[in-house]
Amino acid sequence: MSETPIDPTWLAAVQDKLKQSARIVALTGAGISAESGVPTFRGADGLWKQYRAEELATPQAFDRNPDLVWEWYNWRRGLVAEKKPNPGHLALAALEKIRPGFTLITQNVDGLHLLAGSHNVLEIHGSIWRVRCPACGDCSEDRTNPLPPLPLCPKCGGLLRPDVVWFGESLDPSLLETSFQVAALTEVMLVIGTSAIVQPAASLAWQAKSSGAWVVEINIDRTPFSSQADAVLTGPSGRILPLLLDGLAP
Ligand code: BV8
Ligand code: ZN
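Under this note's numbering, the first residue of the sequence shown is numbered 823, with each subsequent residue one higher.
Structure, rendered in structure tokens:
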């Protein structure tokens, strides 16, 4: 596929801004994992292609048909288990090493940022690798692949669920509060690979912008946030993020 050139002027402008900034936040969505082979939600190969979010990623769907919901999560866990972080994930892990004031907020549940070596990560939609027992509250990482069709809690025998945030469920209040705080205080926010549709995550970009941060959108496409961004770098994040880091490396 011929690569569309990244606009060098804007690339240099973003590199300069990152050089001058101590407090940087990245907000990532499914697009940053696309080059690792993880399907996005709304893309052509999207996870919702043959399903609709309402049928699967909601508490009602789980109550109604836990077998189908667990079948979908087991399929996703199997798919993600073979995937590796791509240069975009690795660039953000490198950024954390050279900028202690860097915070990574991700909507993704695939765990690829942690696998890439990022530590200061706010997984605001949870993790597909954790399971939680609604009956007794037990919550742990479990990479068994696949899990039984209806996995049961080792502590109380209750039906486990994926430790992710479903549509219609509130996000973890402390994670959300921290996310909005860092968004309000950051000098630069990189909004990477998200369609900026899902709330309240998408509002973090607007929060940063309205608090005076310089906001950069990195995406292969336009989004509802594009017109708000101070800079838009159009292209795959796996190509753009390493270029941004090149300019920053000490
Ligand atoms: C909440 C975990 C309070 C699960 C996810 C009506 C009733 C109830 C709620 C609502 C409602 N209307 C609106 C809402 C709020 C709702 C919402 O936002 N709905 C949307 C659809 C409008 N939000 C909620 O329900 C949230 N909770 O509001 O609680 C509440 C409580 C009760 C009642 C009402 C409100 C919970 C939202 C969390 C849902 N869980 N994931 C799981 O994964 O199984 S969301 C899911 O979508 C993922 O986390 C994903 O990250 C997220 C967002 O999608 P994106 O990451 O942006 O991915 P997408 O595919 O959309 O876009 C990919 C982008 O990447 C594209 O722009 C593409 O161009 C780009 N791209 C592709 N390749 C590349 C690339 N960019 C760069 N490089 C590339 N190579
Ligand atoms: Zn239990």
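For each residue, glycine too, the CB sits at the ideal point set by N, CA and C.
Here the structure is a predicted model, which is why all the values come from computation and not from measurement.
Exposure of residue i, with buried meaning 16 or more beta-carbon neighbours within 10 Å
i, result
"Leu-1034", "With the sequence shown as reference, residue 1034 is identified as Gly, and Leu is not the correct amino acid for it. Looking at its Cβ environment, which holds fewer than 16 other Cβ atoms inside 10 Å, Gly-1034 is exposed."
"His-947", "buried"
"Arg-886", "exposed"
"Ser-855", "buried"
"Cys-978", "exposed"
Extent of the continuous beta strand (DSSP E) to which residue i belongs
i, result
"Ser-949", "948-954"
"Ile-1040", "1036-1041"
beta-carbon residue i near the ligand ZN non-hydrogen atom, thresh 7 Å
i, result
"Asp-964", "no"
"Cys-961", "no"
"Lys-772", "Nothing about residue 772 can be reported from this structure: the residues present for the chain run from 823 to 1072 only."
Which of helix, strand or coil DSSP assigns to residue i
i, result
"Gly-990", "coil"
"Ser-940", "coil"
"Asn-930", "coil"
"Asp-885", "helix"
"Glu-945", "strand"
"Met-823", "Because the pLDDT of Met-823 is 46, which lies under 50, any placement of that residue in the model is unreliable, and the question is left without a value."
"Ile-828", "coil"
"Leu-840", "helix"
"Arg-898", "helix"
One or two residues paired with residue i in a DSSP bridge
i, result
"Cys-961", "Arg-954"
"Ala-1053", "Val-1038"
"Val-1004", "Beta-bridge pairing links Val-1004 to no other residue."
Contact test: residue i Cβ vs the ligand BV8 heavy atom, cutoff 7 Å
i, result
"Glu-991", "yes"
"Asn-930", "yes"
"Asn-1079", "Any property of residue 1079 remains undetermined from this structure, which presents the chain solely from 823 to 1072."
Run of the alpha helix (DSSP H) containing residue i, from where it starts to where it stops
i, result
"Leu-1066", "1059-1068"
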